[in-house]
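For the sequence shown, the working numbering gives the first residue as 1, with consecutive numbering after it.
First the structure, in the form of structure tokens, and then the observations on it.
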Amino acid sequence: MKKSLVIFGMGDIAQLAYYYFSTDSDYIVSAFTLDKDYMTSDTFCNLPVVPFDKVRKHYPPENYDMFIAISYSQLNRIRKEKYFAAKAMGYRLASYISSHATVLNDGKIGDNCFIFEDNTIQPFVSIGNNVTLWSGNHIGHHSTIYDHCFLASHIVVSGGVEIGESCFIGVNATLRDHIKVGEKCILGAGTLLLKDAEKEGLYVGQATERSSKRSTMLKKI
Numbered sequence: 001m002k003k004s005l006v007i008f009g010m011g012d013i014a015q016l017a018y019y020y021f022s023t024d025s026d027y028i029v030s031a032f033t034l035d036k037d038y039m040t041s042d043t044f045c046n047l048p049v050v051p052f053d054k055v056r057k058h059y060p061p062e063n064y065d066m067f068i069a070i071s072y073s074q075l076n077r078i079r080k081e082k083y084f085a086a087k088a089m090g091y092r093l094a095s096y097i098s099s100h101a102t103v104l105n106d107g108k109i110g111d112n113c114f115i116f117e118d119n120t121i122q123p124f125v126s127i128g129n130n131v132t133l134w135s136g137n138h139i140g141h142h143s144t145i146y147d148h149c150f151l152a153s154h155i156v157v158s159g160g161v162e163i164g165e166s167c168f169i170g171v172n173a174t175l176r177d178h179i180k181v182g183e184k185c186i187l188g189a190g191t192l193l194l195k196d197a198e199k200e201g202l203y204v205g206q207a208t209e210r211s212s213k214r215s216t217m218l219k220k221i
């Protein structure tokens with residue numbers, strides 16, 4: 001029998017969570033919840049939305065699990081705060097792991113994780129709580145991703161890498177093997193990281209410059 005789930009959020013990520021949990025998990029989504037001041041409607045995805053401070057009354061943790069569907073806002077701080085708030089209310093936090101991901105690490109994945117399709121998670125990887133892996137990443141063997149991190153798409157994490165708590169890593173970043181990324185680092189899109197990154201570091205990849213030629217000058221395209 002499927003379990004019942006309440007999703008925190010009313011944005012794009014909450015809608016994605018609703019889709020993935022509804023089509024590819026052992027959960028039935030029953031409702032959404034959000035802080036009252038941010039509620040714009042009493043329904044979302046044709047389901048009820050209740051204020052977060054009243055969710056226990058309507059959907060008690062004895063009968064419902066919860067998923068915190070928030071992005072990397074304020075370097076994952078908001079998602080982290082709501083994660084602990086839901087736990088303090090007594091909720092068990094669900095993880096979504098796509099059936100289209102390759103997961104070979106014997107289930108070493110924490111709660112409230114959002115693992116999208118086409119991720120490859122190699123043996124002996126450890127993934128903490130409240131971690132998002134968007135689609136198409138490679139997480140190399142013996143790597144560790146600590147709590148509250150957000151990894152965007154098509155990132156290569158080589159073997160033996162440690163990624164500290166509350167980091168954000170942008171699309172197409174590459175991390176060489178056996179390096180350590182300190183907590184609260186931002187690695188921007190296209191970053192190539194070849195050595196350790198100290199905590200709260202900001203690393204930005206070099207953007208492609210526009211050519212002096214116009215596109216219409218190329219005769220073969």
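The beta-carbon is built from N, C-alpha and C at its ideal position, and this holds for glycine as well.
Cα-Cα separation between residue i and residue j, rounded to whole angstroms
i: aspartate 196; j: glycine 159; result: 14 angstroms
i: cysteine 167; j: lysine 219; result: 45 angstroms
i: serine 71; j: lysine 184; result: 15 angstroms
i: leucine 202; j: aspartate 35; result: 31 angstroms
i: phenylalanine 44; j: glycine 110; result: 27 angstroms
i: methionine 66; j: glycine 90; result: 10 angstroms
i: glutamine 122; j: isoleucine 179; result: 17 angstroms
i: alanine 173; j: threonine 33; result: 33 angstroms
i: tryptophan 134; j: serine 153; result: 5 angstroms
i: lysine 3; j: alanine 86; result: 17 angstroms
i: serine 215; j: isoleucine 155; result: 30 angstroms
i: glutamate 62; j: alanine 31; result: 15 angstroms
8 angstroms Cβ cutoff met for residue i and residue j
i: leucine 194; j: arginine 176; result: yes
i: leucine 47; j: valine 29; result: yes
i: phenylalanine 52; j: phenylalanine 116; result: no
i: serine 25; j: tyrosine 96; result: yes
i: valine 49; j: methionine 10; result: yes
i: arginine 79; j: asparagine 130; result: yes
i: leucine 104; j: tyrosine 64; result: no
i: glycine 170; j: threonine 144; result: no
i: asparagine 137; j: isoleucine 68; result: no
i: glycine 188; j: glycine 205; result: yes
i: valine 125; j: histidine 148; result: no
i: alanine 101; j: tyrosine 27; result: no
Per DSSP, the bridge partner or partners of residue i
i: tyrosine 227; result: Residue 227 lies beyond the residue range present for the chain, which begins at 1 and ends at 221; the question has no answer from this structure.
i: threonine 102; result: Thr120
i: phenylalanine 21; result: Phenylalanine 21 is not bridged to any residue.
i: isoleucine 186; result: Phe168 and Leu202
i: lysine 180; result: Glu162
Residue span of the beta strand (DSSP E) that contains residue i, given as start and end
i: valine 49; result: 47-51
Distance cut-off 7 angstroms: residue i Cβ against heavy atoms of the ligand SAM
i: threonine 191; result: This structure lacks the ligand SAM, and indeed carries no ligand of any kind.
Legend entry - Residue ranges of each alpha helix (DSSP H) within the stretch 58-100, 4 or longer: 77-88
Inset, instruction - Could you name each continuous beta strand (DSSP E) segment of 3 residues or more that falls completely within the stretch 119-174, going from the start of the chain to the end? - result: none
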